[in-house]
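Protein chains in written order, with our numbering: chain A, 10 to 183; chain B, 4 to 509.
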């Protein structure tokens with residue numbers, strides 16, 4: 010990723026952290042207090058409120074610093090080549106797909122079980138990253154998943170379930 | 004003490020533990036060689052595997068991984084000028100030029116011998132310093148611990164570059180904020196759980212570490228179109244690693260450097276927040292100043308002294324960073340913060356009581372560090388050309404495997420798929436934080452220390468009837484609090500001094 014977008018990200022990340030600190034502070038003020046909290050020196054709200062102020066102050070300082078040191082905060086400068094932009098878009102798309110696979114893997118893991126969902130996740134990720142040889146994108150996940158399953162389930166006794174779906178199907182057909 | 008060392012030896016020299024040191028060193032070396040993945044990621048990836056082991060074995064494995072990763076980082080610095088971690092940046096100054104001159108094998112041998120010396124001296128110092136500090140720490144009260152933790156958190160900012168001072172402190176604050184999620188143990192009040200049962204126990208440490216280091220680093224490798232692993236593989240496959248032997252003359256010349264850098268590295272490593280990076284740069288600077296005019300000319304062009312100094316110091320500092328961890332329960336760096344988190348999840352509370360109550364664990368870690376250094380020298384060094392070939396594994400295979408091991412590693416701890424969703428969210432956040440140049444180790448340190456910090460402050464305030472006077476009434480607290488203020492204002496003091504110097508010059 011190009012260096013000249015770093016200040017922009019820096020600025021927006023600081024803004025996000027500032028907003029988070031404010032929201033965190035609002036949440037802290039609304040925290041319930043236990044009975045007799047008047048007599049205790051430090052309540053469940055005390056530290057979060059202090060942290061909220063500290064977080065907001067520090068993010069503001071960073072926002073000002075970023076703004077002062079970088080006069081122009083253009084996301085993509087005109088000097089950037091089209092090819093670079095396209096490459097960037099492609100890598101961002103690849104990462105977005107990988108993130109999507111991770112979330113899907115999280116959803117499917119309890120339903121399809123370890124073996125099937127893990128095989129699918131590794132296989133899909135390898136393909137997305139550009140591997141086109143079928144014996145690689147099928148072989149690597151197969152070996153990894155089976156070895157991992159043998160190691161954990163068979164050798165160490167850590168149960169890696171078959172998945173809810175298989176239980177439901179077995180129940181349905183029996 | 005002798006009894007403790009013997010029990011440590013007994014514990015460390017079991018078949019399983021020796022195997023774990025060997026496995027740890029190899030795995031650490033390999034992961035440390037991968038550009039972008041350092042000791043924190045290496046240790047984080049190992050944590051889920053260690054849950055099935057006894058605590059001592061798990062710790063021994065992690066110590067092996069730590070040393071292996073530092074050594075692996077040195078290898079990629081020397082061979083391809085790509086330091087995997089900041090602590091091996093100084094290694095590139097003379098290591099890479101040596102490699103370019105055709106002395107790659109010699110440079111690797113110097114790195115290995117120096118790492119061994121630094122680690123050995125560090126382990127010996129740790130053997131002496133840790134029990135002494137543990138004895139002193141037994142007199143610590145809640146207020147002292149509070150001041151100590153505050154110092155640990157602020158010290159990080161003192162040793163960062165001037166651009167990241169505020170960012171470091173903000174990340175530590177952000178880490179403490181994350182630690183407040185869950186049930187407040189003192190009052191039973193649920194904080195920031197939003198009624199979700201998954202957040203009642205707070206965020207899992209292993210989940211955060213895996214997400215912000217292992218997952219995000221892999222994604223960053225793709226976003227940055229980082230081909231350095233492939234370049235490394237290409238470079239290593241074409242580069243002939245020359246003889247790994249060192250002449251007696253060279254070794255003799257390096258001995259004073261190794262001894263000086265070991266002592267310096269250890270003491271810098273003990274300081275919270277300083278760590279191996281500062282130690283390596285300091286040692287390089289000291290040796291450059293002390294070198295003879297002839298040797299001075301060689302610095303930056305492939306000087307063996309220039310390579311020996313940072314390599315010795317970073318290993319000694321790694322040992323030194325275990326002193327506050329084992330004796331006070333305070334991590335001095337991101338790596339030791341991860342180890343501390345892992346220890347807590349095994350049910351071990353590091354601190355002065357560990358030395359008294361579980362001496363076998365305490366000593367076996369120290370002994371295993373030494374064994375780890377020996378294994379790095381005897382086994383890893385000759386095998387470097389072969390381990391390097393593992394870098395030839397293509398990114399499209401390596402990245403999915405790292406993602407898989409990170410996700411399944413966290414899932415296997417809780418068998419809760421919600422953790423995977425949290426991980427994805429945190430990894431996205433970490434990617435943005437990384438691009439915005441926010442340092443992430445302070446976040447981990449804040450997250451780890453957040454709970455104990457609040458607990459000790461609460462206890463100190465209750466004992467002192469709500470008064471903060473403990474900060475100046477107790478000598479230990481006062482000293483630590485002054486140091487905290489010093490560390491907090493050190494970057495500004497440094498800036499002021501630089502400004503005044505400039506004014507005087509003009």
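C-beta: ideal position from N, C-alpha, C; glycine also.
Closest by C-alpha distance to residue 402(B), out of 102(A), 78(A), 107(A), 71(A), is 107(A). Across the structure, residue 57(B) and residue 44(B) are spaced so that their CA atoms are roughly 22 angstroms apart. When DSSP reads this structure, residue 194(B) sits in a beta bridge with 185(B). Straight across, the Cα-Cα distance linking residue 64(B) with residue 471(B) is about 42 angstroms. Contact annotation: residue 158(B) and residue 484(B) have beta-carbon atoms that are not nearer than 8 angstroms. Cα atoms of residue 354(B) and residue 328(B): separation of roughly 7 angstroms, rounded to the nearest angstrom.
In this structure, 307(B) is the residue among 307(B), 294(B), 300(B) with its C-alpha nearest to the C-alpha of residue 250(B). The Cβ atoms of residue 343(B) and residue 218(B) do not sit closer than 8 angstroms to each other. Among the residues facing chain B, residue 26(A) is included, as its CB has a counterpart in that chain under 8 angstroms away. In the DSSP assignment, residue 448(B) falls within the unbroken alpha helix (DSSP H) covering 444-466.
Linking residue 80(B) to residue 46(B) through their CA atoms gives a straight-line distance of about 20 angstroms.
Shown here for residue 52(A): same chain residues with a beta carbon closer than 6 angstroms to its own, the five before and five after excluded, namely 42, 46 in chain order.
Going by DSSP, residue 97(B) is part of the alpha helix (DSSP H) stretching over 92-103. When secondary structure is reduced to three states using DSSP, residue 385(B) falls in the helix class. Residues of the stretch 403-417 of chain B with a C-beta atom less than 8 angstroms from some C-beta of chain A are 403, 404, 406, 407, 410, 411, 414, 415, listed in chain order.
Residue 40(B) and residue 410(B) have their C-alpha atoms roughly 16 angstroms apart. Of all residues in the stretch 66-96 of chain B, none has a C-beta nearer than 8 angstroms to a C-beta of chain A.
It is roughly 38 angstroms from the alpha-carbon of residue 70(A) to the alpha-carbon of residue 408(B). Around the beta carbon of residue 290(B), a 10 Å sphere encloses 16 or more other beta carbons of the protein chains shown; the residue is thus reported as buried. With respect to the 8 angstroms criterion, residue 37(A) and residue 61(A) are classified as neighbours on the basis of their beta carbons. Using a CB distance below 8 angstroms, the part of the stretch 102-116 of chain A facing chain B consists of 103, 104, 107, 108, 111, 112, 114, 115, 116, ordered along the chain. DSSP places residue 317(B) within a helical segment (H, G or I) once states are collapsed to three.
When rounded, the separation of the alpha-carbon atoms in residue 445(B) and residue 338(B) is 11 angstroms. Of the other Cβ atoms in all chains shown, fewer than 16 fall within 10 Å of the Cβ of residue 304(B); this residue is therefore exposed. In chain order, 176 make up the part of chain B whose C-beta sits under 7 angstroms from the C-beta of residue 63(A). Against chain A, the beta carbon of residue 443(B) has no neighbour under 9 angstroms; the closest one sits roughly 12 angstroms away.
For residue 36(A), at least one C-beta of chain B is nearer than 8 angstroms to its own C-beta.
Between the alpha carbons of residue 382(B) and residue 503(B) lies a distance of about 52 angstroms. Distances from the alpha-carbon of residue 162(A) to those of 63(A), 76(A), 124(A) put 124(A) closest. In this chain, the alpha helix (DSSP H) harbouring residue 506(B) covers 478-508. The beta carbon of residue 152(A) does not come within 8 angstroms of any beta carbon belonging to chain B, so the residue lies off that interface. The C-beta distance from residue 72(A) to residue 116(A) rounds to 37 angstroms, too long to fall under 8 angstroms, and the pair is not in contact. In chain order, 81, 98, 101, 102, 310 place their CB closer than 7 angstroms to the CB of residue 110(B), counting only its own chain and leaving out the 5 sequence neighbours on each side.
Scanning chain A for C-beta atoms nearer than 7 angstroms to the C-beta of residue 173(B) yields 26, 64, 67, 68, 71, reported in chain order. The alpha-carbon of residue 177(A) is positioned some 35 angstroms away from that of residue 399(B).
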